[in-house]
Structure formats: structure tokens, C-alpha cells
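Here's the structure we're looking at; comments come further down.
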């Protein structure tokens, strides 16, 4: 039969502890001898004390076989039929029959009242030692739990609602302040005052999250992205700044750089705001981005050149021609054999005229005095003609000839032809006109010189010159010049970032003969390197590589919202 | 009939897988199975599914601002982690409610171990690898410490109960102490045959035998017993360390060849034997105490650290909503 013997003990704390032994035997022998099935020690236990067996009728009986006492249910007995619940006392031990679990025929529970030699060794007190008695899990647990709750939450929270407390907490060393909540490094701009270690500079109201007004306290000039008269634009202007500007993650995520947000609207912009936009749909750069549109400057006719308006034109369109009123031939200037200068042949490069600004991002404007006048000199005889005013030039010429200095025909011819340095050839040189119609008086000489300079040899080389009245001998109009300096104002392009490329890789200047020709590259040129945002082939380029969300010239986003209705020159 | 010696028992609260020399003929399910394979590893499968799901979600989740506790998945993982921590802590409550019908403590323990282990993964994914020197990092660190101490607890519960049962040779610790006490008496009786000096020294060795001590002393298992030996000149005594009863045995060994003759040699031999037996039993008790305290000691870290974690976790959760 299978017998379960369950020993019942008590732990130090008094909790019950069970230990199960199982054995297969015909009868269970109990005693202090090692050959017994159940070995019990201590006083009053005989070597072979009792045996417990199953009789043929299935009844279990216990028989005292040794000299020791046997107590059944606390009464002395020699043998007994034992039922469930009966108790057998042997020495200090108590065996109780319990209901046998499934798989067992018989089960006993053993409880032992052992005597221990407590206090036997004076140096140790209790022989097993103190161990962890006296230590309290509970005390430590509450202390630690309350410490972290108090220092991590309660005290800093008091500071949030009591600024005077907060100031003390923030300045004191090791004091628990709201800086304990700082979830990570700030971007560099926000790590200095008034932000920096002052959480409440941005987190204005507790439990409310950062409001756009909190950002607007400093970022007053941040502009909107889209007109708010469309549902998309209105929705954009209502979004929280922090949806795109994530702080406490280091500098990496302070600006959202993926294209997802842009494509959310611009992917289907034409259909969703039909008729309200001239913008094409964009999904990504490499395949679903429209051809570039350039912003041209167009002069108003009346009064001439007083204002210039900006017009966006597709780069492929026939009207994509610059009307700067300046004549310029890139091909001639970049002739690899060199260009004629007063100092002889000189080979020019782009950098002779196009110099980057200090940031290296944009090119500095072209300036006549700085970039042209070395060759295109305005020197006339021993005087320097002023640049910019027809009246001033004619006045200076008149003064030149009316002076007492004797001026020969040949000298005038030389002056007009070569300026001060007769040996040098000037661009646009004309040689035969002066001889055919000799001048007499200084006034006649001045008029003649002016006519030649404006219409033939000097001004009209670069400028559009028109005689105001064909009947009059003098009086010219020079069309105002305005060179376009910002072809794609909605895009950000850094020349510095593209230093590895040659200028002519993108700008076809070497073959351009007319100033009307636009030398801005088409999108396919950019696509030689730049790919979409999801590709692994090519330079991965998201929208913000070139575009900015807060557009210059748009109404201010965080303040003065009443002005927003007056927005919207696309090219501005 | 099986031999009594080496028969191994198992306790309900300290489950053991190794069955030692148990009856191999039994065919039915063993009364106890390890909490680690409870119900054929039901909870290891559930925990692995949870961990696998969280890991897969993390891999496919690709927010523009990088993985962190602030994304939707970060919030989801954080919520799961917080619920896990609350539930894992409830084991301490469940095991005190004996009338509970919410599953067995054994089942709870099994689930506690596996879900506790997977909590490390869940919480680590929740952080997105961004742990800084702040209250949030403190909560994460405390959680890691709780889990590490828990791992040690699993190790201790797997290893030491079996070792303890084996090394005690089937006896309880109290029985070992009773045996030592009996040997103490016999030592004294034999020492009486060897004269006053030996009796005094033997008594001091018995009286200054140290078994217990603080938790640390018990775990280090260093014998701090002492014995008072007579000075070289025979005037007064000097207290000497008696680790493993070496000093007293050496003292007795040195008395061989004294003036007492053959009878004294026999008694000395007898006493040395008794001391050696006593030394063996003391060693068993100390080893047993060491293991007992290793089993119970880790909980003195696990539980207070859990409370500390609760404090830090509460601060973490509320503080991120104060300054959203």
C-alpha cells in the first residue's frame, strides 16, 4: 500500500509548514531504530515502538510491539483500530490519521513536540542565532516606499504650487525639486535661461501640458504655415507646438524632420482645398514632387522700375525668362581661352563674381563696382563718370569739355575709345564714328561724346538704353536693373552643403549666352543625388531638407491672430 | 519497503523538483511539482507570448521622435508594466489569504516568476532605451533590483531546500541540536575521567561553542567558538579561538603520552572522537543555518525594494502628467 506521512512543523513566525514523505510498504513500522519506516527520536520512543497495518477486511490497526507507551486518543492502549481523525501518541510525537489523498491508501500526519537545548551555550543565546529576527521587512518597506514617494512626488509637487518653496528646493543641494522629474537632456537653445533648469518657464500650468501660449512667451515671431481659411490650415494652426517639437530628447527631435506630417496634407492638397491653392500634390521627392517653380522679378511699367513684383513660373514654361534689363553673356565671360581685359587675356571663374556670404548658404548680390568695373571701367579721360544717373553723366561730360584744357579731336576719340589707358581695348569698343562727324564747340563735343557713350560704346554694352526723344540729340532712358537674388524663396538651399560639386554641375553657365536664360537647375539635377524619404538608394531627403514649416512672411502664429486674414502671397 | 535513510520529503511551501531517492514505482502524478513547470509551464508560455507581442510591436513601431515612454506604444507598455507590478506585488497579499479562491499559491508563484521576468523586457521597451538620472530612472533601476533579487530567490528556492534536506541526513535541525546537546553531556562525562584541567577546558569549549549569530555571521558561516586554555605556566587561563573545534582537539591530542598511562590514552581517544563527532554536527547545523538564511534573506531586499519601487513608480506616473 502507498502511505503518505505528512510532517507538520511550525516556522519561526508560527506559520504551519508541511513536509511530505511517501512510502510503499505492507505495514508502517515506527520507532527510534534506523530500520523503522518512520524514525522518531526523543524520550519515550522505543527502538521498535508500533506497527500499523491493514487487516484483511481493510481495517487499519496499530499494535504496540515494544516496551514504550502507546496512547490512542490520549488513552493508553496496546492496539487499536484507527479511523480517520484518531490520534496515536508516541513519546512527544502525535500521529493522526488523515484522509488519504488520491493515489494513497493511508495517510498519517505527524506533529512533534521536540525539546530543544535552548540557552545551552551562553555566548550565543538561542543556538540557531538571531538570523534575521529583529529585522523588519515591513519597516524598511514603508520607509523606502514613503521616501521615494515623498522625495519623488510630494515635495516637488508642493514646490509646483508654492513658488517660494520651489525656489528653495531648486537652489538647495540634493533637495528634491521638480528637476528630479526632468526626463532627459534639453536642446541647447532651451537649456539656457529663461528655460534651462526652470521647468515652469515652459510648463506654465501643472497637469495641463505645454500650451502654445507657453511657447509664444518667447517665440513671438513664429509664423503660420498655411492660410487659416481652409479647414486644414485652421486645424494646423490649432495644433500644439509640442506635437512637432519634442523636448527632453536631446537636439535630435526638437524639430520634426520626417515627411509624414507634410504629406498628410500636401499629398492630396489639390483635391482637398480645390481652387484655393496653386500648389501641386507632393508625396515624396524622388518621384512625386512637381518640377520647380521659380520666383521672377517683373518690373512695373509705370512709372518705370519703381516697383518689382514677384511672379512664380514653372521652370519649363516659355515665360520662364529673366527680365533684369541687364545684358550679360555668361559664355563669353567663362571662355576657357580667357576674356579680354585692360590687362590682357584673363580666364574668369564663377567665383570672380559669385561669392558666398559669411554663412556660406547664399551668394552675395552682384555689385557693378565690385564685380564689373575692373574691366568695364567708367574712366573718361582723367575723370571718372558716375554710374547710375543719365543726367549726371551728361553734366560731367559737359564740364569736362568746357574746362580750359585744350582737347584735341584725337584725344576725345582716344578718351571715348579707351578712357585713360589708350592701349587697352574695352568691351563694346567703337572706333570710326567720331571721325565721320567732327565736333566743334565744347557743347557739341560733350553731346557727341554722350551719344557715343550711351548708345554705342559704354552704357549699352550692359544696359537697355533708349533715346527718350528721337528728335532730340540728348536725353536717354536706361531701364532699371534688378537682379533676382532669391529664385526659390520657399526652399532652403545651402551652397556650403554642396561644396563638393562644381558650380557648373547644377548651373549651365558655360553655354548661356543671354541674360534671359535661367541657370537654375531643374528637379532632375537634384534627383541625381537626392532621393525620397523612404529609399535606401540615394541621399534620403525629407521635406524639411529644403522646406520650412513656419513660412517667412506669413502671419504670426502665436500672437496677433486677428491679422491672419491678410496673408498670402505665395512667393513672399 | 524502502530504506529510511535518504528518504526525502518535500514541503508545500518550498517546492523541490528533484525527487532524490523516492519510490520510483509510483505511477500517478507526484504530489508536488516545481513552481517553474507548474501546469506544464502554462505561465512561461503566457509570459513569453506577452513578451513576444511587446517585442514585435516595438520592432514595427517607428515613431518620428524615436522610441520612448511618450509614444502610444510607450504609454501602452507603461500601462502593462504598471499593471504587472501591481499584480506581482499582490502575491504578497494572496499568500496571506488562505481562503482565497483565486488559484493556488503555487500557481501564483509560477506566474509571478515568469511575468516578473518578462516585466523587465516590457519596462525596458517602455523606456525606449532612454534611462536618465531622474525619478523615472530611479523607478526603472528599482524595478531591475527587485527582479534581480527575485531571480536570486528562484535560485535559492531551487537549490537550497534540496541541499538542506540532503545534508541534514534526514534529521531536523532541532534533532541535530539535540544530538549535539547529548554529545556535550558525554564529553563532560569522559572529560571527568581525565582530571580537573581537561574537564575545565572541555566545559569551556562546550560553553563557548557558538552556532548562531547575526544574519551576516550565519551566512558567512565563520566559527566564532572559543576555548579557555590554561596559561603555559599553569596560572590563569587564556581565551583562544576554537574554530571547528580545532584548538580543543589539538589540546587533547597534545596530552597523548602524558603520565596517565594507557587508560588515559583510551579516554583521550574517546574524548577526541566525541569532539570530532561534535564538530561534524556543528558544521552540519551551521551549513543548514547558512542555507536557511540565504533562503529567507533575499526577501528582506525583494520586499522593501518592491515598496520603494511603488513609491518611485507612483512618483513617475504622476510626475509625467504634472509637466506633460
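Residue numbers (our numbering), protein chains in the order written: chain A, 1 to 572; chain B, 1001 to 1324.
Here a beta-carbon is modelled for each residue, glycine too, at the ideal position from N, C-alpha and C.
Note that the structure is a prediction, hence the values are computed from the model and not measured.
Listed by chain order, chain B residues near residue i by CB distance under 8 angstroms
| i | result |
| --- | --- |
| residue 160(A) | 1322 |
| residue 147(A) | 1308 and 1311 |
CB contact check: residue i to chain A, cutoff 8 angstroms
| i | result |
| --- | --- |
| residue 1108(B) | no |
| residue 1100(B) | no |
| residue 1303(B) | yes |
| residue 1130(B) | yes |
| residue 1228(B) | no |
| residue 1056(B) | no |
| residue 1038(B) | no |
Under 8 angstroms from the C-beta of residue i: neighbouring residues of chain A
| i | result |
| --- | --- |
| residue 1066(B) | 249, 252 and 253 |
| residue 1299(B) | 137 |
Neighbour list for residue i in chain A, Cβ cutoff strictly below 7 angstroms
| i | result |
| --- | --- |
| residue 1135(B) | 152, 180 and 181 |
| residue 1330(B) | There is no way to answer for residue 1330(B), as the model of chain B reaches only from 1001 to 1324. |
| residue 1318(B) | 153 |
Neighbouring residues, chain B, relative to residue i (Cβ below 9 angstroms)
| i | result |
| --- | --- |
| residue 203(A) | 1322, 1323 and 1324 |
is_contact[residue i, chain C] using C-beta, thresh 8 angstroms
| i | result |
| --- | --- |
| residue 157(A) | The structure shown contains no chain C; the protein chains it does contain are A and B. |
Neighbour flag for residue i against chain B, beta carbons, 8 angstroms
| i | result |
| --- | --- |
| residue 308(A) | no |
| residue 241(A) | no |
| residue 260(A) | yes |
| residue 1(A) | no |
| residue 144(A) | yes |
| residue 123(A) | In this prediction, residue 123(A) has a pLDDT of 39, which is less than 50 and means its spatial position is unreliable; what the coordinates show is noted afterwards. Chain B, which has a Cβ nearer than 8 angstroms to the Cβ of residue 123(A), makes this yes. |
| residue 285(A) | no |
| residue 206(A) | yes |
| residue 141(A) | yes |
| residue 97(A) | no |
| residue 360(A) | no |
| residue 616(A) | In the structure displayed, chain A extends from 1 to 572; residue 616(A) sits before or after that span and is not available. |
Where residue i falls: helix, strand or coil (DSSP)
| i | result |
| --- | --- |
| residue 93(A) | strand |
| residue 582(A) | Since the first residue shown for chain A is 1 and the last is 572, residue 582(A) is missing from the structure and cannot be characterised. |
| residue 536(A) | coil |
| residue 195(A) | coil |
| residue 296(A) | strand |
| residue 16(A) | strand |
| residue 569(A) | For residue 569(A), the pLDDT reaches just 37, beneath the cut-off of 50, and the residue's location in the model is therefore unreliable, although a value from the coordinates is still provided. Of the three classes helix, strand and coil, the one that applies to residue 569(A) here is coil, per DSSP. |
| residue 183(A) | coil |
| residue 1265(B) | helix |
| residue 206(A) | coil |
| residue 5(A) | strand |
Own chain partners of residue i with C-beta closer than 8 angstroms, once the 5 adjacent residues on each side are dropped
| i | result |
| --- | --- |
| residue 1217(B) | 1224 |
| residue 205(A) | 211 |
| residue 1219(B) | 1290, 1293, 1294 and 1297 |
| residue 1025(B) | With a pLDDT of 41 at residue 1025(B), under the threshold of 50, the predicted position of this residue should be treated as unreliable, though the coordinate-derived value follows. Correct list: empty, nothing qualifies. |
| residue 103(A) | 2 |
| residue 337(A) | 345 and 347 |
| residue 224(A) | 233, 236, 237, 550, 551, 554, 555, 556, 557, 564 and 567 |
Burial state of residue i (16 or more Cβ within 10 Å)
| i | result |
| --- | --- |
| residue 1196(B) | exposed |
| residue 1126(B) | buried |
| residue 166(A) | buried |
| residue 532(A) | buried |
| residue 1088(B) | buried |
| residue 1215(B) | buried |
| residue 324(A) | buried |
| residue 393(A) | buried |
| residue 89(A) | buried |
| residue 152(A) | buried |
| residue 478(A) | buried |
Same chain, Cβ closer than 6 angstroms to residue i, five either side skipped, listed in chain order
| i | result |
| --- | --- |
| residue 15(A) | none |
| residue 222(A) | 550, 557 and 558 |
| residue 447(A) | 473 and 474 |
| residue 541(A) | 285 and 530 |
Under 9 angstroms by beta carbon: chain A residues contacting residue i
| i | result |
| --- | --- |
| residue 1156(B) | Going along chain A, no residue has its Cβ under 9 angstroms from residue 1156(B), so there is no contact; the nearest lies around 14 angstroms. |
| residue 1138(B) | 148, 152 and 180 |
Cβ shell of residue i (< 7 angstroms), same chain only, five flanking positions each side left out
| i | result |
| --- | --- |
| residue 1138(B) | 1312 |
| residue 159(A) | 165, 166, 169, 177 and 178 |
Residue i CB to nearest heavy atom of the ligand PLP below 7 angstroms
| i | result |
| --- | --- |
| residue 1252(B) | Ligands in the displayed structure: none, and consequently the ligand PLP is not present. |
Residue i: contacting residues in chain B (beta-carbon distance under 7 angstroms)
| i | result |
| --- | --- |
| residue 256(A) | 1064 |
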